[in-house]
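S.K.: Those sequence lines, one after another, are chains R and V. In this text, residue positions in the first sequence follow the working numbering: the first is 30, and each later residue adds one. In this text, residue positions in the second sequence follow the working numbering: the first is 30, and each later residue adds one. Cβ atoms here follow ideal geometry from the backbone N, Cα and C, with glycine treated the same way. Everything numeric in this text was worked out from a predicted model, so none of it was measured.
2 protein chains.
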Amino acid sequence: MTDSEDPNASSPGKDRGSAGRHPVRGSAVDMTSPASARVTLQDVADRAGVSLATASRVISESQRRVGWQLAERVRQAVTELEYTANLQARAVATGHSSIVGVVVHDISDPYFSSIAAGLMHVTRPLRLLVCLSSTTELEAGEREYVALMRAQRARAVIIIGSRSAKPAMVAELRAEIAAFTSSGGRVACVGQDLLGVDTILPENAAGASSLAEALVSQGHQSFAVLAGPPGLLTGQDRVTGFTAGLAARGVRPEPSHIVPGAFTRDGGYEAMSTVLAMGGELPDCVFAVNDVMAVGALARLRAAGLSVPGDIALAGFDDITTLRDVYPPLTTVRLPLARMGEMAARLVLTDAPAGQPRVLPVPGEVILRDSTFRGPR
Amino acid sequence: MTDSEDPNASSPGKDRGSAGRHPVRGSAVDMTSPASARVTLQDVADRAGVSLATASRVISESQRRVGWQLAERVRQAVTELEYTANLQARAVATGHSSIVGVVVHDISDPYFSSIAAGLMHVTRPLRLLVCLSSTTELEAGEREYVALMRAQRARAVIIIGSRSAKPAMVAELRAEIAAFTSSGGRVACVGQDLLGVDTILPENAAGASSLAEALVSQGHQSFAVLAGPPGLLTGQDRVTGFTAGLAARGVRPEPSHIVPGAFTRDGGYEAMSTVLAMGGELPDCVFAVNDVMAVGALARLRAAGLSVPGDIALAGFDDITTLRDVYPPLTTVRLPLARMGEMAARLVLTDAPAGQPRVLPVPGEVILRDSTFRGPR
DNA sequence: CCCAATTTGGAAAGCACTTTCCCGAGATTA
DNA sequence: TAATCTCGGGAAAGTGCTTTCCAAATTGGG
Chain R
30 MTDSEDPNAS
40 SPGKDRGSAG
50 RHPVRGSAVD
60 MTSPASARVT
70 LQDVADRAGV
80 SLATASRVIS
90 ESQRRVGWQL
100 AERVRQAVTE
110 LEYTANLQAR
120 AVATGHSSIV
130 GVVVHDISDP
140 YFSSIAAGLM
150 HVTRPLRLLV
160 CLSSTTELEA
170 GEREYVALMR
180 AQRARAVIII
190 GSRSAKPAMV
200 AELRAEIAAF
210 TSSGGRVACV
220 GQDLLGVDTI
230 LPENAAGASS
240 LAEALVSQGH
250 QSFAVLAGPP
260 GLLTGQDRVT
270 GFTAGLAARG
280 VRPEPSHIVP
290 GAFTRDGGYE
300 AMSTVLAMGG
310 ELPDCVFAVN
320 DVMAVGALAR
330 LRAAGLSVPG
340 DIALAGFDDI
350 TTLRDVYPPL
360 TTVRLPLARM
370 GEMAARLVLT
380 DAPAGQPRVL
390 PVPGEVILRD
400 STFRGPR
Chain V
30 MTDSEDPNAS
40 SPGKDRGSAG
50 RHPVRGSAVD
60 MTSPASARVT
70 LQDVADRAGV
80 SLATASRVIS
90 ESQRRVGWQL
100 AERVRQAVTE
110 LEYTANLQAR
120 AVATGHSSIV
130 GVVVHDISDP
140 YFSSIAAGLM
150 HVTRPLRLLV
160 CLSSTTELEA
170 GEREYVALMR
180 AQRARAVIII
190 GSRSAKPAMV
200 AELRAEIAAF
210 TSSGGRVACV
220 GQDLLGVDTI
230 LPENAAGASS
240 LAEALVSQGH
250 QSFAVLAGPP
260 GLLTGQDRVT
270 GFTAGLAARG
280 VRPEPSHIVP
290 GAFTRDGGYE
300 AMSTVLAMGG
310 ELPDCVFAVN
320 DVMAVGALAR
330 LRAAGLSVPG
340 DIALAGFDDI
350 TTLRDVYPPL
360 TTVRLPLARM
370 GEMAARLVLT
380 DAPAGQPRVL
390 PVPGEVILRD
400 STFRGPR
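1. Compute the beta-carbon to beta-carbon distance between Gly264 (chain V) and Gly220 (chain V), rounded to the nearest angstrom, for a pair I have assumed lies under 8 Å.
2. For Ala234 (chain R), which three-state DSSP category applies?
3. Just reading off the alpha helix (DSSP H) that Ser302 (chain R) is part of, what are its end residues?
4. Measuring only the C-alpha atoms, how far is Arg104 (chain V) from Met198 (chain R)?
5. Bridge partners for Leu224 (chain V) per DSSP, in chain order?
6. Please work out which residues of its chain come closer than 6 Å, Cβ to Cβ, to Glu90 (chain V), disregarding the five sequence neighbours upstream and downstream, and give them in chain order.
7. Nearest chain R C-beta to Glu299 (chain V) closer than 8 Å, yes or no?
8. Per DSSP, which residues does Thr361 (chain V) bridge with? Please list them.
9. For Ala291 (chain R), go through chain V and note every residue whose CB falls closer than 8 Å to its CB, in chain order.
10. Comparing the C-beta of Ile136 (chain V) with each C-beta of chain R, is any distance below 8 Å?
11. With a cut-off of 8 Å, do at least 3 Cβ pairs link the region 269-278 of chain V to the region 199-214 of chain V?
12. Using a Cβ-Cβ cutoff of 9 Å, what residues of the region 77-111 of chain R are near chain V? List them in chain order.
13. Looking at the structure shown, is Gly270 (chain R) part of a helix, part of a strand, or coil, going by DSSP?
14. Counting pairs of Cβ atoms below 8 Å between the region 128-140 of chain V and the region 149-162 of chain V, do you hit three or more?
15. Measuring straight from C-alpha to C-alpha, what distance separates Lys195 (chain R) and Glu171 (chain R)?
16. Quick test of your reading: Ala323 (chain R) and Gly339 (chain R), contact by CB under 8 Å. State the CB separation rounded to the nearest angstrom.
17. Could you please give me the residues that DSSP links to Ile128 (chain V) through a beta bridge?
18. Should Pro154 (chain R) be labelled buried (16 or more other beta-carbon atoms within 10 Å of its own) or exposed?
19. Taking CB distances under 8 Å as the criterion, tell me whether Pro139 (chain R) reaches chain V.
20. Relative to the alpha-carbon of Asn233 (chain R), which residue among R:Val395, R:Thr401, R:Arg403 and R:Asp399 has its alpha-carbon at the smallest distance?
21. Note down, in chain order, every chain R residue with its Cβ under 8 Å from the Cβ of Met149 (chain V).
22. Determine the chain R residues that contact Val324 (chain V) at a beta-carbon separation under 7 Å, and present them in chain order.
23. Could you tell me which residues DSSP pairs with Ile206 (chain R) in its beta bridges?
24. Under 7 Å Cβ-Cβ, which residues of chain R neighbour Thr113 (chain V)?
25. In angstroms, rounded to a whole number, what distance separates the CA positions of Leu223 (chain R) and Leu261 (chain R)?
26. Per DSSP, which one or two residues make a beta bridge with Arg215 (chain R)?
27. In the DSSP assignment, the alpha helix (DSSP H) including Leu327 (chain V) goes from what residue to what residue?
28. Could you check where the alpha helix (DSSP H) with Pro139 (chain V) kicks off and where it finishes?
29. Could you please give the first and the last residue of the uninterrupted alpha helix (DSSP H) stretch that includes Leu343 (chain R)?
30. What is the DSSP secondary structure of Ile349 (chain R), counted as helix, strand or coil?
31. Helix, strand or coil for Leu389 (chain V) per DSSP?
32. Taking 8 Å as the threshold (C-beta atoms), are Leu366 (chain R) and Ile229 (chain R) in contact?
33. Looking at Ala237 (chain R) and Gly214 (chain R), is the spacing between their C-beta atoms short of 8 Å?
34. For Ile229 (chain R), which beta-bridge partners are listed by DSSP?
35. In three-state terms, what does DSSP make of Ile136 (chain V)?
36. Counting C-beta neighbours from all protein chains within 10 Å, is the total for Pro139 (chain R) 16 or more, i.e. buried, or is it exposed?
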């Protein structure tokens, strides 16, 4: 009963493919299983004894109503033949597909996968297909993928975290986006507002600034900053915001204490090494521009035998869920990642297109945890 | 120039759809913007002054060669019109598409996103489109998604971590898979070999068993196990393997010390709570069936004021990259997640189909770290 | 009881491609 | 020199669907 290899089910489809259509293919195969080879709507129509048009009207929710009896006959044939409409063909016929492209740097980075998860929350009920691309490797990955989605006539593309601020790259990407939109697609972006499209804009600068002020209030006086890779705006914004926040409290960080590093755990580890190697007075507090880097820095500090926050304080950014349990718990700025994904998806899938690109700022929330707590020594 | 809101571009679309193919379009519209509305291959052919067939042969890498000059003219027209082939239409015409479906429970879980990342490593050079579905919410999500991929005539589907062992569910999924394969698609699976398809099988039992023996060798005598949700085979296998390993060393865990819990951080936290609440002698060592649960357990122990490994040892499974920096470093069983994703993709995308479903076991490697280290007290 | 005004079904024309088939021209061979 | 081969180009037949258009049948009103 649980087995689908019912030999009795072999008869359907035996009488197909005699003249013209579907050469000999399947003559040997047809006997094996109900839906032997490719079943088309024509097959369904034939079996139900109706026209192709009628069958189509039944299986797609067409405007035109179909008589009760014929409709039932068609549905019967559909289940008997295990028919499924060919969505590609439907897309060609109707002119719009149900796929939406999502571009991320690296799907295994929790920052991106959280946003992607939120986004899929809204695509699912719409029965849309999400095509994901990790652009990790290629510099021009984003542009290429948008081109690919244009070729697929995708309904929309959502770009999460634009790769770099390199003007040439951005220009190319914008051109590709223009081509995509002018062929009917919609585009949204999570991150910096560089592309001239609907954008979910995390308030990196403001968040980092608030964090800086909070840290000063906690009593920290000297700071090091583990910045992201040069040319990546997210990191830049957080650094500028942070220094601005310090300045507002009359603190000026040693410029040499702002060291770049890759946006990864290892990047944080190495940047932290650099700071330690500089010698001189250790800063009170280290700000890593994202949590993943902070974790790397934490590992490095531990390796150096320094305790956090005892010897040195450490803060991150993003409040990645998976990292909420590192020890000591990280002070950070929380971004509602999943919700940001949802917002982006809504903007471009359910909301009406706006004349002007919309920019929705998303504030971050400073979360003070143990990693910067200055207990009585 | 960077602005795409060119007011001259407003005309496209107004004059189309009157009679026959491609009305007057082009005469008035072509002047405004390169790729005004939808450009089709016919437009390219017209502009290049060649037949549709020739244009097609140029843009797709056809067997048939095209004369040097004509080919150049076509390419010229392509760039001038910013033409991109409609992949959907191509898929309909050729009968096979370039999309491959990937089913995961929850893309924001690092276990799955790591595998997915590995998998994309092989799809990218093949220029295949990866469609991802998180089946988090729906019970029948997997079956539905395979159906969807069948409708898309996807080339292949890769199922990562089959949801449950509930026989009814599995039977339905198998039926859907049968329909998919019989319509020409290929299927692979990462996880338990339940579906009768090519499978990458993590050796959960063997890995857990080795881990158990290693822990006994480290001197641990009494154990608690934070098992996954009942009915999820991955968890079950790890538990059985673990107890078998203990048995091999003459250790029998208290059955009541095997407590179920969700496969998440919170699940680990709660399961750990249960163990603590049981009173009596605390076990030497806790085995959480995956790293994410282990982290939850760690948090719970910390909340209880217990130190790891000082008061109690803790081990996980998977060796999730993002969690390599939790403190104390977790003893675990490493699975080469990214490589498992690659293997699955290869099996189904580049390798020839085999008569029999292949099952490739992937061994886990026990990694002993501080969380179970029994230093001199 | 007859003539609109609705339904409801089917034939056929798209949709944007690929690919087969055919044909003329130039190259090769006997 | 005639006969046979390629070779490159185009017309047209698919590919699996939707949708328009047309005609037959049913209904309703006078």
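M.R.: In terms of the structure at hand:
1. Here the question's residue 264 (chain V) lines up with position 235 in the second sequence. Here the question's residue 220 (chain V) lines up with position 191 in the second sequence. Contact flag wrong, Cβ pair sits at about 12 Å.
2. As a first step, residue 234 (chain R) must be located in the first sequence, where it is residue number 205. The answer is helix: DSSP assigns Ala234 (chain R) an H, G or I state.
3. Numbered from 1 along the first sequence, position 273 holds the residue referred to as residue 302 (chain R). Residues Arg294 to Ala306.
4. Translated into the one-based positions of the second sequence, residue 104 (chain V) becomes position 75. Translated into the one-based positions of the first sequence, residue 198 (chain R) becomes position 169. Taking the straight line joining both Cα atoms gives about 24 Å.
5. The sequence position of residue 224 (chain V) within the second sequence is 195, counting from 1. Its beta-bridge partners do not exist; DSSP assigns none.
6. In the second sequence, residue 90 (chain V) corresponds to position 61, counting from 1. Here the set comprises nothing.
7. Counting from one through the second sequence, the residue named residue 299 (chain V) turns up at place 270. Judged by the 8 Å Cβ criterion, Glu299 (chain V) is not in contact with chain R.
8. Within the second sequence, the letter at position 332 stands for residue 361 (chain V). DSSP output for Thr361 (chain V) lists V:Ile396 as bridge partner(s).
9. Numbered from 1 along the first sequence, position 262 holds the residue referred to as residue 291 (chain R). Going along chain V, no residue has its Cβ under 8 Å from Ala291 (chain R), so there is no contact; the nearest lies around 15 Å.
10. Taking the second sequence and counting its residues from 1, one reaches residue 136 (chain V) at position 107. Yes, Ile136 (chain V) lies at the interface with chain R (some Cβ there is under 8 Å from its Cβ).
11. no
12. Those would be Glu111, in chain order.
13. Position 241 of the first sequence, counted from the first residue, corresponds to residue 270 (chain R). In the structure shown, Gly270 (chain R) sits in a helix (DSSP, three-state: H, G or I).
14. yes
15. Stepping through the first sequence from its first residue, residue 195 (chain R) is reached at position 166. Stepping through the first sequence from its first residue, residue 171 (chain R) is reached at position 142. Lys195 (chain R) and Glu171 (chain R): Cα-Cα distance of roughly 13 Å.
16. Here residue 323 (chain R) is taken as the residue at index 294 of the first sequence, counted from 1. Here residue 339 (chain R) is taken as the residue at index 310 of the first sequence, counted from 1. The C-beta separation of Ala323 (chain R) from Gly339 (chain R) comes to about 17 Å, leaving the pair out of contact by the 8 Å criterion.
17. In the second sequence, counting from the first residue as 1, residue 128 (chain V) sits at position 99. In the DSSP output, where bridge partners are listed per residue, Ile128 (chain V) has V:Leu158.
18. The residue you call residue 154 (chain R) lines up with position 125 of the first sequence. Label assigned to Pro154 (chain R): exposed.
19. One-based indexing of the first sequence puts residue 139 (chain R) at position 110. Answer yes: the Cβ-Cβ gap between Pro139 (chain R) and chain V drops below 8 Å somewhere.
20. As a position in the first sequence, residue 233 (chain R) is number 204, starting the count at 1. The shortest Cα separation from Asn233 (chain R) among R:Val395, R:Thr401, R:Arg403 and R:Asp399 belongs to R:Val395.
21. Taking the first residue of the second sequence as position 1, residue 149 (chain V) is located at position 120. What Met149 (chain V) touches in chain R: Ile136, Leu161, Ser162 and Ser163.
22. The residue labelled residue 324 (chain V) in the question sits at position 295 within the second sequence. Asp354, listed in chain order.
23. Along the first sequence, one-based indexing puts residue 206 (chain R) at 177. Beta-bridge pairing links Ile206 (chain R) to no other residue.
24. Numbered from its first residue, the second sequence carries residue 113 (chain V) at position 84. In chain order: Ala176, Arg179 and Ala180.
25. On the first sequence, position 194 is the one that residue 223 (chain R) refers to. On the first sequence, position 232 is the one that residue 261 (chain R) refers to. Answer to the nearest angstrom: the Cα atoms are 12 Å apart.
26. Here residue 215 (chain R) corresponds to residue number 186 of the first sequence, with the count starting at 1. DSSP output for Arg215 (chain R) lists R:Ala185 as bridge partner(s).
27. Position 298 of the second sequence, counting from 1, holds the residue named residue 327 (chain V). From DSSP, the alpha helix (DSSP H) with Leu327 (chain V) extends over Asp320 to Ala332.
28. As a working note, residue 139 (chain V) is residue 110 in the second sequence. Pro139 to Thr152 is the span of the alpha helix (DSSP H), which, as asked, contains Pro139 (chain V).
29. Mapped onto the first sequence, residue 343 (chain R) falls at position 314. From DSSP, Leu343 (chain R) is part of no alpha helix (DSSP H) but of the beta strand (DSSP E) over Ala342 to Ala344.
30. In the first sequence, residue 349 (chain R) corresponds to position 320, counting from 1. The answer is coil: DSSP assigns Ile349 (chain R) none of H, G, I, E or B.
31. Here the question's residue 389 (chain V) lines up with position 360 in the second sequence. Of the three classes helix, strand and coil, the one that applies to Leu389 (chain V) here is strand, per DSSP.
32. Counted from its first residue, the first sequence places residue 229 (chain R) at position 200. Counted from its first residue, the first sequence places residue 366 (chain R) at position 337. No, Cβ-Cβ distance for Ile229 (chain R) and Leu366 (chain R) is not below 8 Å.
33. Here residue 214 (chain R) corresponds to residue number 185 of the first sequence, with the count starting at 1. Here residue 237 (chain R) corresponds to residue number 208 of the first sequence, with the count starting at 1. No, Cβ-Cβ distance for Gly214 (chain R) and Ala237 (chain R) is not below 8 Å.
34. In the first sequence, counting from the first residue as 1, residue 229 (chain R) sits at position 200. In the DSSP output, where bridge partners are listed per residue, Ile229 (chain R) has R:Val219 and R:Leu389.
35. In the second sequence, counting from the first residue as 1, residue 136 (chain V) sits at position 107. Coil at Ile136 (chain V), not helix or strand.
36. Within the first sequence, residue 139 (chain R) is the residue found at index 110, counting from 1. Buried: at least 16 other Cβ atoms inside 10 Å.
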